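Visitor: In my numbering, the protein residues as written are 10 to 338. The beta-carbon is built from N, C-alpha and C at its ideal position, and this holds for glycine as well. Quick caveat: nothing in here was measured; it's all calculated off a predicted structure.
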């Protein structure tokens with residue numbers, strides 16, 4: 010074999026090797042792209058993040074859909090600010106009037122009845138893609154779950170407030186006895202304030218004047234308000250999840266106790282919303298809908314119903330179908 014032929018043969022072998030390596034690298038790249046998860050950004054509250062509920066709820070969805078959910082746990086006010094800038098894929102925030110401007114009217118709550126519905130977790134599957142709401146950033150606002158509220162007061166308080174028969178009577182007793190009572194301002198916790206407004210209204214308490222001078226609005230999120238109540242020996246209302254978390258915080262530990270709990274009016278709603286499906290959106294609306302469908306579907310609702318966190322022996326969240334009584338404001 011001549012030197013020229015040998016050189017040509019080596020060149021051919023080298024070209025074949027390079028082509029094979031190129032094909033292998035391309036195949037590996039395509040395979041990697043095929044299995045790389047898609048990311049969704051979820052704005053929710055620090056309460057849900059700290060309670061551990063999302064650690065139970067999200068993994069089944071992520072595994073089934075090859076999706077990773079990036080959580081942005083913030084205060085309710087910050088969550089609403091993020092949402093107003095339309096930079097997230099899914100909202101899971103306390104429902105309330107502040108969400109109306111983002112996603113239209115609140116979802117219709119199930120009619121109240123004393124017992125659970127016969128088939129509470131029955132789920133028909135994803136609904137039709139809705140018509141975009143003109144001028145709204147978000148769409149498909151749906152009730153996802155309820156978080157239980159509790160009344161909190163000074164640990165050394167010996168009044169008979171804990172004997173009240175219902176939440177409305179409890180709040181009325183606080184007003185009549187002139188107890189110092191802290192409430193997060195409506196721009197900080199709009200859903201919590203709206204819930205309290207409804208319960209106050211059951212006893213004819215409608216205005217700030219009706220609530221008295223010791224009923225004070227605090228410009229802070231609910232966790233900060235609980236800490237301030239502990240410091241000032243005041244009463245307040247907060248999600249049970251928040252109180253359980255703060256049991257290990259020196260600012261609260263041993264200073265506050267539960268003074269009222271377990272009432273069908275003492276629940277705050279969490280709604281799930283996805284971006285409006287307008288043609289010019291830069292969000293993956295179809296994928297966002299799958300997370301909203303999952304959170305309101307049978308599997309997730311069952312997980313919510315059974316979730317019991319550390320520090321208590323009973324659920325602190327309830328599924329959407331739970332019979333909560335929602336007074337009209």
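For residue 362 and residue 172, what's the separation of their Cα atoms in angstroms?
Guide: Summary: the structure shown does not reach residue 362, with the chain confined to residues 10 through 338, and so no result is reported for it.
Visitor: Count the other CB atoms, across all protein chains shown, that sit within 10 Å of the CB of residue 75; report buried if there are 16 or more and exposed otherwise.
Guide: exposed
Visitor: Within its chain, find whatever has a CB closer than 6 angstroms to the CB of residue 151; leave out the 5 residues flanking it on each side and keep chain order.
Guide: 116, 281 and 305
Visitor: Taking the Cβ atom as the reference point for each residue, do residue 326 and residue 155 lie within a distance shorter than 8 angstroms?
Guide: yes
Visitor: In terms of DSSP beta bridges, what is residue 335 paired with?
Guide: For residue 335, which the question treats as bridged, DSSP gives no partner whatsoever.
Visitor: Where does residue 275 fall in DSSP's three states?
Guide: Assigned with DSSP and collapsed to three states, residue 275 falls in coil, not helix or strand.
Visitor: By Cβ distance, which residues of its chain are closer than 8 angstroms to residue 256, with the 5 residues on each side in sequence left out?
Guide: 262 and 320
Visitor: Quick one: Cα of residue 277 to Cα of residue 98, how far?
Guide: 23 angstroms
Visitor: Taking a contact to mean a Cβ-Cβ separation below 8 angstroms, would you say residue 209 touches residue 220 in this structure?
Guide: Taking 8 angstroms as the Cβ cut-off, residue 209 and residue 220 qualify as a contacting pair.
Visitor: Short check: CB of residue 179 to CB of residue 332, under 8 angstroms?
Guide: no
Visitor: Where residue 222 and residue 164 are concerned, what is the direct C-alpha to C-alpha distance, given to the nearest angstrom?
Guide: 23 angstroms
Visitor: For residue 203 versus residue 147, is the C-beta distance shorter than 8 angstroms?
Guide: Contact annotation: residue 203 and residue 147 have beta-carbon atoms that are not nearer than 8 angstroms.
Visitor: Using CA atoms only, rank isn't needed, just tell me which of 239, 259 and 73 is closest to residue 160.
Guide: If we check each option's Cα against that of residue 160, 239 comes out closest.
Visitor: Using the three-state DSSP reduction, which class does residue 321 fall into: helix, strand or coil?
Guide: coil
Visitor: Where residue 69 and residue 185 are concerned, what is the direct C-alpha to C-alpha distance, given to the nearest angstrom?
Guide: In a straight line, the C-alpha of residue 69 is about 49 angstroms away from that of residue 185.
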